[in-house]
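To keep things clear, I will list the structure first and then write my remarks on it.
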Amino acid sequence: MLKREQNKVAGATGGGATPAPKRGRPFGSTAAAAAAAAVAGDSAAPSTLLGPSLQVHSSFIDQNNKRIVLALQSGLKSELTWALNTLTLLSFKEKDEMRRDATPLAKIPGLLDALLQVVDDWRDIALPKDHTKASRVRTLETSTAVTGFGNDYEAANESHNGASNYLPSKWWFEEDGLFNVDEEGRAEKQQCAVAASNIIRNFSFMPDNEVIMAQHRHCLETVFQCVEDQNTEDEELVTNALETIANLAPLLDLRIFSSSKPSFIKITEERAVKAIMGMLGSTVKAWHCTAAELLGRLIINPDNEPFLLPFAPQIYKRLVDLMSLPAVDAQAAAVGALYNLAEVNMDCRLKLASERWALDRLLKVIRTPHPVPEVCRKAALILESLSTEPQNKALLLAYEHTFAEIAFSDARHSDTFARILYELSARPGSKVATARGIWGM
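All letters in the sequence shown, in the order written, are residues 1 to 441 by full-length UniProt numbering.
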């Protein structure tokens with residue numbers, strides 16, 4: 001709990017604590033990564049291998065900010081395309097690049113709302129992927145082959161065979177009636193929505209935009225709804241929405257969905273957590289890894305605990321399953337989330353220790369070992385946190401020999417596992433304290 005409070009204070013005051021890394025950073029793209037590669041003598045990762053980059057003058061956005069917003073609001077194809085292409089270039093800003101004077105795009109009046117409206121326009125007409133349209137009856141100009149209404153509408157004698165129960169007067173109330181777009185129009189709106197979601201995702205990488213976006217209820221409702229519809233929505237749109245939430249998670253308070261701020265989609269805290277759980281259970285690696293990271297960041301805020309802890313059993317089970325996958329990034333995401341969950345309260349530590357295969361897989365991450373030393377360190381600290389609860393002794397004593405072997409053979413974790421052995425054997429009230437006092441500390 002102390003660690004979680006320190007993290008929260010550091011995040012609120014902008015202290016020296018290292019912030020949670022953003023997703024989507026290309027290897028070697030930041031100045032720090034390039035410097036680290038240079039020190040290590042790694043010739044395979046210089047920043048020059050990333051190719052040319054487009055530099056946009058900082059005055060461009062000042063001169064065209066109103067035009068961009070109006071172009072997005074107009075809905076005109078040419079204007080919308082220009083605005084989305086421009087924003088895609090302007091919003092791609094690396095954290096440590098030279099354009100430090102670039103205007104935070106989310107602070108331009110009306111821009112974030114205009115982008116969200118582009119996504120909402122697609123969401124209003126989106127169809128499930130498995131939707132199969134039936135043929136429509138053509139009741140106008142049935143004597144001609146071409147009417148301008150599209151190929152989806154067939155002549156009445158071709159599709160209905162003279163059916164008498166069809167009412168032509170109801171034609172404009174159908175899903176694809178007179179005032180709705182055809183398939184080409186749907187595809188264009190979907191492409192615009194995906195482009196807008198990518199820009200919003202880029203916004204979330206910028207520290208200047210995080211607070212604004214994390215407190216913008218319409219933005220959060222839109223991205224959570226996209227994540228909620230993962231089975232029917234475009235994969236790229238879902239990925240952009242999920243990564244946006246993950247980037248904003250350290251500042252996200254789920255209570256915003258029950259606040260007095262204007263609501264557009266009526267997302268509740270429970271629906272939001274269920275949407276994340278759906279992504280955690282996905283078979284897509286990018287989705288369940290991001291969802292695991294997201295849960296680990298959300299639980300740092302104690303205000304989110306009442307909404308996340310009811311799902312704790314499912315969360316533990318899935319995270320333990322992720323540790324068994326051969327993908328090292330899935331293991332890292334699961335260990336990172338469990339590291340924060342184990343710090344919440346005693347009940348979390350008891351449930352995690354009793355989760356089947358949890359201890360075995362944590363030890364496997366350490367002994368394999370995982371290629372990232374920090375992941376191994378966190379796995380060891382999780383075991384140490386579990387050992388502080390007397391109720392977990394019976395479960396942990398079964399691995400005492402393994403703990404002792406790591407303590408003597410691995411210098412990186414020897415201190416941690418020595419403390420674990422001390423917790424298991426030298427605590428007052430331990431029935432085996434006398435027999436196992438050889439670890440005496």
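Even glycine gets a Cβ: it sits at the ideal position worked out from N, Cα and C.
Here the structure is a predicted model, which is why all the values come from computation and not from measurement.
Report task. Could you tell me the distance, in whole angstroms, from the CA atom of PHE403 to the CA atom of ASP113? Result -> Counting from one through the sequence shown, the residue named residue 403 turns up at place 403. Counting from one through the sequence shown, the residue named residue 113 turns up at place 113. The straight-line gap separating the alpha-carbon atoms of PHE403 and ASP113 is approximately 54 Å.
Query - Contacts around GLU79, its chain only, beta-carbon distance under 7 Å, and the 5 residues preceding and following it disregarded - result: As a working mapping, residue 79 is identified with position 79 in the sequence shown. Excluding positions up to five away in sequence, the list reads ALA71.
Report task. Report yes if the C-beta distance between CYS289 and ALA330 is below 7 Å; otherwise report no. Result -> Along the sequence shown, one-based indexing puts residue 289 at 289. Along the sequence shown, one-based indexing puts residue 330 at 330. Contact: yes.
Query raised in the report: Touch check for the segment 413-424 and the segment 368-385: three-plus C-beta pairs under 8 Å?
Result: Yes: at least three Cβ pairs fall under 8 Å.
Query raised in the report: According to the neighbour-count rule (16 or more other Cβ atoms, all chains shown, within 10 Å of its Cβ), is VAL211 buried or exposed?
Result: Locating residue 211 in the sequence shown gives position 211, counting from the first residue. Exposed, by the Cβ-count rule.
**Report entry** Closest residue to MET279 among PRO369, ALA292 and GLU270 (Cα-Cα distance)
**Finding:** Residue mapping note: residue 279 aligns to position 279 of the sequence shown, counting from 1. It is ALA292.
**Report entry** GLY278 (DSSP reduced to helix, strand or coil)
**Finding:** As a working note, residue 278 is residue 278 in the sequence shown. If DSSP states are grouped into helix, strand and coil, GLY278 belongs with the helices.
**Report entry** Start-end ranges of the alpha helix (DSSP H) lying completely within the UniProt repeat "ARM" (357-397), minimum 4 residues
**Finding:** You should have 358-367, 373-387 and 393-397.
Query raised in the report: Secondary structure at PRO104, three-state DSSP: helix, strand or coil?
Result: Mapped onto the sequence shown, residue 104 falls at position 104. PRO104: coil per DSSP, three-state reduction.
Requested in this report: My understanding is that LEU308 touches LEU298, with C-beta atoms under 8 Å, so please give their C-beta distance in whole angstroms.
Outcome: Counted from its first residue, the sequence shown places residue 308 at position 308. Counted from its first residue, the sequence shown places residue 298 at position 298. With 8 Å as the limit, LEU308 and LEU298 qualify as a contact, their Cβ atoms being about 6 Å apart.
**Report entry** Uninterrupted alpha helix (DSSP H) stretches inside the segment 310-341 (no shorter than 4 residues)
**Finding:** Counting only runs of at least 4 residues, the segment 310-341 fully encloses the following alpha helix (DSSP H) elements, listed from N- to C-terminal order: 312-323 and 328-341.
Report task. Would you mind sorting HIS216 into buried or exposed? The rule is 16 or more other CB atoms within 10 Å of its CB. Result -> What you label residue 216 is simply residue 216 of the sequence shown in a count that begins at 1. Around the beta-carbon of HIS216, 16 or more other beta-carbon atoms lie within 10 Å, marking it buried.
**Report entry** Where LEU421 falls, given that 16 or more other Cβ within 10 Å makes a residue buried
**Finding:** For the purposes of this step, residue 421 is taken as residue 421 along the sequence shown, with counting starting at 1. It counts as buried.
Report task. For ALA333, I'd like the list of residues in its chain whose CB is within less than 6 Å of its CB, leaving aside the five on either flank, ordered along the chain. Result -> Counting from 1 along the sequence shown, the entry for residue 333 is found at position 333. In its chain, beyond the 5 residues on either side, CYS289, ALA292 and GLU293 have a beta carbon closer than 6 Å to the beta carbon of ALA333.
Query raised in the report: For TYR422, which three-state DSSP category applies?
Result: Position 422 of the sequence shown holds residue 422. DSSP places TYR422 in helix when its eight states are reduced to three.
Query raised in the report: Hey, out of TYR399, THR81, LEU254 and LEU76, whose CA is closest to ALA272's CA?
Result: The count along the sequence shown starts at 1 and reaches residue 272 at position 272. Distance from the Cα of ALA272 is smallest, within the candidate group TYR399, THR81, LEU254 and LEU76, for LEU254.
Query raised in the report: Quick one: Cα of MET323 to Cα of ILE366, how far?
Result: Within the sequence shown, residue 323 is the residue found at index 323, counting from 1. Within the sequence shown, residue 366 is the residue found at index 366, counting from 1. Those two C-alpha atoms are separated by around 11 Å.
Query - Local conformation of PRO109 per DSSP, three classes - result: Locating residue 109 in the sequence shown gives position 109, where the first residue counts as 1. Assignment of PRO109 by DSSP, reduced to helix, strand and coil, places it in the coil class.
Query raised in the report: What residue does the alpha helix (DSSP H) around LYS351 start on, and which one ends it?
Result: Position 351 of the sequence shown, counted from the start, is the residue given in the question as residue 351. Residues 346-354.
**Report entry** Close Cβ partners of ALA195 (< 6 Å) along its chain, the five nearest in sequence each way excluded
**Finding:** By one-based count along the sequence shown, residue 195 stands at place 195. Cβ neighbours of ALA195 beyond the five flanking positions: LEU84.
Report task. Select from ALA358, GLU269, TYR399 and LYS66 the residue whose C-alpha is nearest the C-alpha of LEU319. Result -> Numbered from its first residue, the sequence shown carries residue 319 at position 319. A check of alpha carbon separations from LEU319 across ALA358, GLU269, TYR399 and LYS66 identifies ALA358 as the nearest.
Query raised in the report: Between ALA246, GLU221, GLU374 and ARG123, which lies nearest to GLU188 when the distance is taken from Cα to Cα?
Result: As a position in the sequence shown, residue 188 is number 188, starting the count at 1. The alpha carbon of GLU188 has as its nearest neighbour, out of ALA246, GLU221, GLU374 and ARG123, the alpha carbon of ARG123.
**Report entry** Alpha carbon of ALA249 to alpha carbon of VAL372, nearest angstrom
**Finding:** Within the sequence shown, numbered from 1, the residue matching residue 249 stands at position 249. Within the sequence shown, numbered from 1, the residue matching residue 372 stands at position 372. Rounded to the nearest whole angstrom, the CA to CA distance from ALA249 to VAL372 is 23 Å.
**Report entry** Local conformation of GLU343 per DSSP, three classes
**Finding:** Residue mapping note: residue 343 aligns to position 343 of the sequence shown, counting from 1. If DSSP states are grouped into helix, strand and coil, GLU343 belongs with coil.
Query raised in the report: If you compare alpha carbons, which of HIS370, LEU352, ARG356 and SER409 is closest to GLU384?
Result: Working through the sequence shown from its first residue, we reach residue 384 at position 384. Taking each of HIS370, LEU352, ARG356 and SER409 in turn and checking the Cα distance to GLU384, the smallest one comes out for LEU352.
Query raised in the report: Any heavy atom of the ligand PLP closer than 6 Å to the Cβ of ASP124?
Result: Summarising the ligand content, the structure contains no ligands, and the ligand PLP is consequently not present.
Report task. Classify GLU374 as buried or exposed, calling it buried when 16 or more other Cβ atoms lie within 10 Å of its own Cβ. Result -> Residue numbering aside, residue 374 sits at position 374 when the sequence shown is read from its first letter. Classification of GLU374: exposed, given that the 10 Å Cβ count is below 16.
Report task. For the alpha helix (DSSP H) holding PHE408, just list the boundary residues, first then last. Result -> Stepping through the sequence shown from its first residue, residue 408 is reached at position 408. For PHE408, the enclosing alpha helix (DSSP H) starts and ends at 400-409.
Query - Helix, strand or coil at THR239 [DSSP, three-state] - result: Here residue 239 refers to the residue found at position 239 when the sequence shown is read from its first residue. DSSP places THR239 in helix when its eight states are reduced to three.
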